[in-house]
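Visitor: Residues 39 to 534, numbered by my numbering, are exactly what the sequence shown covers, in order. We treat Cβ as the ideally placed atom computed from N, Cα and C, and that holds for glycine. This one's a predicted model, so the numbers in the text were calculated from it and none came from an experiment.
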Amino acid sequence: MFKKVLIANRGEIACRVIATLREHGIGSVAVYSDADAQAMHVRTADEAVRIGPPEARQSYLNIEALIEAARDSGAEAIHPGYGFLSENAMFAEAVEQAGLGFIGPTPGQSRGFGDKRLAREAARKAGVPTVAGYEARSEVSDRSLATEAGRLGYPVLIKAALGGGGKGMTIVTSEAELLASAPSARRVALAAFGDGSLYLEKLIERPRHVEIQLVGDGQGGAVHFFERECSLQRRHQKVLEETRSPGASDKVRVAMAEAALALARAVQYRGAGTVEFLLAPDERFYFLEVNARLQVEHPVTELITAQDLVWWQLVVAAEGKLVAPQEAIAARGHAVEVRVYAENPAEDFLPQAGRLARVVWPRLPFVRVDAGVESGAEIPLQYDPILAKIAAWGPDRQSAWARLASALDQTVIHGVVTNLDFLRALTRDPELRAGHFDTTTLESGVIERYRESRSEPAPALALAAAALAEAPRVALAPEVRRATDPFDTLGPWGRS
């Protein structure tokens, strides 16, 4: 096993990886930009190395700086977390060429699954159902795309070949719409991924998004950790995830898991990964993509299986073997998770920046908080504004959702606008609590209902209370305080 690991990331995922390293007596090395010099992950790690200025391209995306930091610190391996360079084949290659261990898939696997056209081809070869579509090996004209879309039948999805996160994805219902939308999709794809190549998929209407978590040993062995339901999305970004899926029958769950393992074994997948599927209303499912890394939503899987997926990643990378066989992995109960962001739901979820004056995370039984910030933290504009993930476990779905709602009620964040109020509304929405949703539900009604419910002006008393909560407390010298000051009689509940 490695003696020291560098985490090429920041925030809550860096803190999460550090926790597992510490549990197993492995040294941890954090990296940071100038914007993160006082960040929680920097203070949590055993060591920390500066890698550049705030701009991500000069720090967290700087391959040379990251490898130099690993060498200088004596780290034997690099964990990429998620986001940034986690699925970058050039980074994985550079790490291995430097004689370091890469805690993730092979460079070829990152490259193959990063190109959605190649990923679809690999899925088909492994016998995994795929959505009807069109992918060209080279750049094709918009007119050629229109011809192929007509063959598939509208509506169709235009997608970026090297895409992810919904960037460049557009639904078109006619040839005119396709010809009007394709140039914009190419520009978005080129700006986001450095490649403007597009491909087409037949649109599956009102599907669920269900994914299978797995780990492969890189030699053809693989195990799965059951499925996750990720249908509640905004702009193709997940908002709430849970396991088990309320929309998949046991038969479908088993078939999906077998399909995911077939693909992993066919490519001799190494490390943690997620095979994502679209589940149609008629219970047919189709391959969507592979996320060749640890997922943001992995805590819900850990809660129902009592498995540490970061430890599985470490064992595979260091020893080339799985921690346990499939029969040792069992699912118990239900878990649900939300992502807490510094963003303003009232302004189309615009990212926010600033200083967190006060942060209180819930401390409740069966509730897990993966946080990357605490009181006093500065939220920079340069990076994804995720603050934490809050997850809850219960013996059944309703108890898990109820515990998550209680946890959100006990969460306090002052100083920066967050999506907490929106998340509280989600966990109490009757349709969502009943499991009646698909990938279109949030944007086709839930978000609008939330905004309408918050459109009334707040009562004067509530506004005054909010202002007082945000106002800085003035510390008075003892001789200035009145002897009858009520705060002096409250003991530990008085001034802090």
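1) Roughly how many angstroms lie between the CA atoms of R441 and L458, to the nearest whole one?
2) DSSP on V484, reduced to helix/strand/coil?
3) Give the secondary structure of D447 by DSSP, where H, G and I count as helix, E and B as strand, and everything else as coil.
4) Would the beta-carbon of K205 fall within 9 Å of that of V334?
5) Buried or exposed, going by whether 16 or more other CB atoms sit within 10 Å of the CB of K41?
6) Let me check understanding here. Comparing Cα to Cα, which of P400, V261, S235 lies closest to R308?
7) For chain B, is any of its Cβ atoms less than 9 Å away from the one on L216?
8) Report, in whole angstroms, the separation of the C-beta atoms of L419 and A391, which I expect to be a contact under 8 Å.
9) Which stretch, first to last residue, makes up the alpha helix (DSSP H) that contains W349?
10) Do you know how far the Cα of E159 is from the Cα of D153?
11) L252 and A161 - do their beta-carbons sit closer together than 9 Å?
12) Under 9 Å between the Cβ atoms of V80 and L59?
13) Less than 8 Å between C-beta atoms, sequence neighbours within five positions excluded: which residues of the same chain meet that for I417?
14) Is W431 helix, strand or coil when you go by DSSP?
15) Taking 9 Å as the cut-off, decide whether the C-beta atoms of Q76 and A415 are in contact.
16) Do you know whose CA, among A115, I101, C53, E102, lies nearest M39's CA?
17) Straight-line CA distance for I242 to D72?
18) State buried or exposed for P118, treating a residue as buried only when at least 16 other CB atoms are found within 10 Å of its CB.
19) Let me check one thing: in DSSP terms, what residues is P118 bridge-paired to?
20) If you draw a straight line from the alpha carbon of M128 to that of G258, how long is it in whole angstroms?
21) Between which two residues does the beta strand (DSSP E) carrying V378 extend?
22) Please say whether P193 and T211 have beta carbons closer to each other than 9 Å?
23) Classify V411 as helix, strand or coil using the three-state DSSP reduction.
24) Take the Cβ of Q275 as the centre, count every other Cβ of all protein chains shown within 10 Å, and call the residue buried at 16 or more, exposed below.
25) When the Cα atoms are used, what is the spatial distance from F323 to E249?
26) Could you give the DSSP three-state label for Q251: helix, strand or coil?
27) What residue does the beta strand (DSSP E) around V328 start on, and which one ends it?
28) Grouping DSSP H, G and I as helix and E and B as strand, with all else coil, what is N47?
29) Alpha carbon to alpha carbon, what distance is there between S222 and A187?
30) Please look up how many angstroms separate the CB atoms of A230 and F122, rounded, as I've assumed it's under 8 Å.
31) What residues are listed by DSSP as bridge partners for F315?
32) What's the C-alpha gap between D476 and H247?
33) Along the chain, where does the beta strand (DSSP E) containing G65 start, and where does it finish?
34) Only counting the same chain, and skipping five residues up and downstream in sequence, which positions put a Cβ closer than 7 Å to that of R149?
35) How about G432 and A373: are their beta carbons less than 9 Å apart?
Guide: Here's the rundown:
1) 15 Å
2) DSSP places V484 within a helical segment (H, G or I) once states are collapsed to three.
3) Helix at D447.
4) no
5) Result: exposed.
6) Taking the Cα of R308 as reference, the smallest distance to any Cα among P400, V261, S235 is reached at V261.
7) Among the protein chains of the structure shown there is no chain B, as only one such chain exists.
8) 4 Å
9) 347–357
10) 10 Å
11) No, they are not a contact pair.
12) Taking a C-beta distance under 9 Å as the contact criterion, V80 and L59 do not qualify as a contact pair.
13) A380, Q390, A391, G392, R393, L394, V411, P423, L425, V454
14) strand
15) yes
16) A115
17) 45 Å
18) buried
19) In DSSP, P118 forms no bridge with anything.
20) 23 Å
21) 372–379
22) yes
23) When secondary structure is reduced to three states using DSSP, V411 falls in the coil class, being assigned neither helix nor strand.
24) exposed
25) Straight through space, the alpha carbons of E249 and F323 are spaced by roughly 11 Å.
26) Q251: strand per DSSP, three-state reduction.
27) 323–329
28) coil
29) 17 Å
30) In fact, because the Cβ distance is near 14 Å, the residues do not count as touching under 8 Å.
31) Note: F315 sits in a beta bridge opposite V248, F325.
32) When the Cα atoms are used, D476 and H247 turn out to be separated by approximately 7 Å.
33) 65–71
34) Closer than 7 Å at Cβ, skipping near neighbours: A127.
35) Remark: C-beta atoms of G432 and A373 approach each other more closely than 9 Å.
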